[in-house]
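In mature numbering (1 follows the signal peptide of the UniProt record, and there is no 0), the protein residues as written are -19 to -1, 1 to 370. For each residue, glycine too, the CB sits at the ideal point set by N, CA and C. Being a predicted model, the structure only gives us computed values, none of them experimental. Below is one structure, written out as structure tokens; comments come after it.
Here you go:
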């Protein structure tokens, strides 16, 4: 496998949870709980790199309240970007962007990075198509507590509450919103779409665009079958850390062995773009012996954690657009096929664009993505579903 693809998997997977600590609630028993979506603070965000600087007319850092996995309130951060130029009548069409994996420690929040830890191109593409963008960092990144990586429900709440916070800023943005999720973020926006009617019924969601979405994770099964790819070996330390969010005693040596076990603490601490050739070599040298469960209890604990976050869990009536590759060995194409088939079975009407290539295949036709988003705001007819029923 080419190094670029393995590094991309770190971009999906390096956000892996430093999850051994608590759920990170910020509720104060001496004060009334603030409702989800409450805007806590705002300030100009001035650390954008050249791609963001060229596309954004303004950038605002925000902190707001969302909901942790244990349903307690938690403080989350993010950013709101406006395109250059005067806003159209009615405001800039608002996109809620859920980023691809950036890292799991607090410093790995995209707003801490000029390049948004690899997400700047996607945000800039949206801005260039004349959309405002609100991007959550996800809870645990640039905030209290640890990051519940791959926890679909809480990341979906982070997205929905970022919209609430953005719309309370007084900026010229629409009340309508389209969700856009990249890789890990596809899991977040799909969960947001599935829970919006009960969690945020006041929001008007016009569509959900999923870009190489990590809707399913089946790494426990792949380890058992001895079919892990280089990128997936590098993911395992982060997934083990994620399991610790719910099972604090789940140690790396439940599955990892040899050099991969030795490298796990360092791999866990990396943000996207910080992977070295030495780190990559650990994954390239790994064999099935590097990822064997010590017993069935260890296997079932990790597999159950994956299954709990896998999507879909319910149908949605939100128009859904998917763009992904036919040879993705990071978020396995077979996992995507299974998720799409289940979405169709449940009754979600979707358009599934499968393009030649791997995890980055969707970028070859980013025009399809931005065009579909523009059509949702314009009220254009939704394309016929590709589901076979």
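First and last residue of the uninterrupted beta strand (DSSP E) at residue i
i           : result
residue 62  : 54 to 64
residue 157 : 154 to 163
residue 191 : 185 to 192
residue 23  : 20 to 25
residue 85  : That residue, residue 85, is in no beta strand (DSSP E); it is neither H nor E in DSSP.
residue 251 : No beta strand (DSSP E) holds residue 251; DSSP gives it neither H nor E.
residue 123 : Premise fails: residue 123 is in no beta strand (DSSP E) and is neither H nor E.
residue 333 : 331 to 336
The alpha helix (DSSP H) enclosing residue i, as first and last residue numbers
i           : result
residue 236 : Taken as a continuous stretch (DSSP letters only), residue 236 belongs to no alpha helix (DSSP H), as it is neither H nor E.
residue 33  : 31 to 36
residue 358 : 347 to 359
residue 230 : Residue 230 -> no alpha helix (DSSP H), and no H or E assigned at all.
residue 380 : This structure does not reach residue 380, given that the chain is present from -19 up to 370, and the question cannot be answered.
residue 305 : It is not in any alpha helix (DSSP H) - residue 305 instead sits in the beta strand (DSSP E) that spans 301 to 306.
residue 215 : 211 to 224
residue 327 : 314 to 327
residue 101 : 101 to 109
residue 263 : 258 to 266
residue 283 : 277 to 290
residue 200 : 200 to 206
Contacts around residue i, its chain only, beta-carbon distance under 6 Å, and the 5 residues preceding and following it disregarded
i           : result
residue 235 : 275 and 279
residue 96  : 30
residue 36  : 105, 108 and 109
residue 50  : 4, 129, 132 and 135
residue 147 : 61 and 115
residue 357 : 159, 187 and 188
residue 224 : 231, 283 and 286
residue 267 : 214 and 241
residue 59  : 43, 116, 117, 118 and 143
residue 295 : 175
Assigned exposure category for residue i - 16 Cβ within 10 Å defines buried
i           : result
residue 28  : exposed
residue 371 : Because the chain is modelled from -19 through 370, residue 371 falls outside the range shown and cannot be assessed.
residue 137 : buried
residue 84  : buried
residue 10  : Only weak support exists for where residue 10 lies, its pLDDT of 46 falling under 50; the coordinates are left without a value.
residue 64  : buried
residue 91  : buried
residue 285 : exposed
residue 345 : exposed
residue 370 : exposed
residue 360 : exposed
residue 101 : buried
residue 4   : Because residue 4 carries a pLDDT of 39, less than 50, the predicted location of this residue cannot be relied on, and the following value inherits that uncertainty. Burial call: buried.
residue 120 : buried
residue 305 : buried
residue 151 : exposed
residue 326 : exposed
residue 117 : buried
residue 229 : exposed
residue 70  : exposed
residue 171 : buried
residue 322 : exposed
residue 22  : exposed
residue 307 : exposed
residue 270 : exposed
residue 183 : exposed
residue 139 : buried
residue 281 : exposed
residue 206 : exposed
residue 298 : exposed
residue 277 : exposed
residue 348 : exposed
Residues bridged to residue i (per DSSP)
i           : result
residue 79  : 117 and 162
residue 73  : 154
residue 130 : For residue 130, which the question treats as bridged, DSSP gives no partner whatsoever.
residue 40  : 62
residue 45  : 20 and 57
residue 272 : 237
Cβ-based neighbour list, residue i, same chain, cut-off 7 Å, excluding 5 preceding and 5 following
i           : result
residue 7   : Interpretation of residue 7 is limited by its pLDDT of 42, a score under 50 that renders its predicted location unreliable; the figure taken from the coordinates is listed afterwards. Once the five neighbours on either side are set aside, the close Cβ partners of residue 7 are 54, 55, 56 and 125.
residue 324 : 293 and 331
residue 2   : Unreliable positioning characterises residue 2 in this predicted model, as indicated by a pLDDT of 35, which lies under 50. The coordinate reading is nonetheless provided below. The residues are 126 and 127.
residue 233 : 218, 221, 242 and 245
residue 93  : 123
Contacting residues, own chain, Cβ-Cβ under 8 Å from residue i (five flanking each side not counted)
i           : result
residue 200 : 209, 213, 216, 217, 220, 283 and 287
residue 25  : 39, 40, 41 and 42
residue 87  : 121, 122, 123 and 124
Minimum Cβ-Cβ distance from residue i to chain D less than 7 Å
i           : result
residue 288 : No chain D is part of this structure, which consists of one protein chain only.
**Request:** Indicate whether the contact test is met: 3 or more Cβ pairs, each with one atom in the region 246 to 260 and one in the region 300 to 320, closer than 8 Å.
**Result:** The region 246 to 260, when compared against the region 300 to 320, does not touch it at the 8 Å Cβ threshold.
**Cβ contact (3+ pairs, closer than 8 Å) linking the region 106 to 122 and the region 179 to 195** = No, the region 106 to 122 is not in contact with the region 179 to 195.
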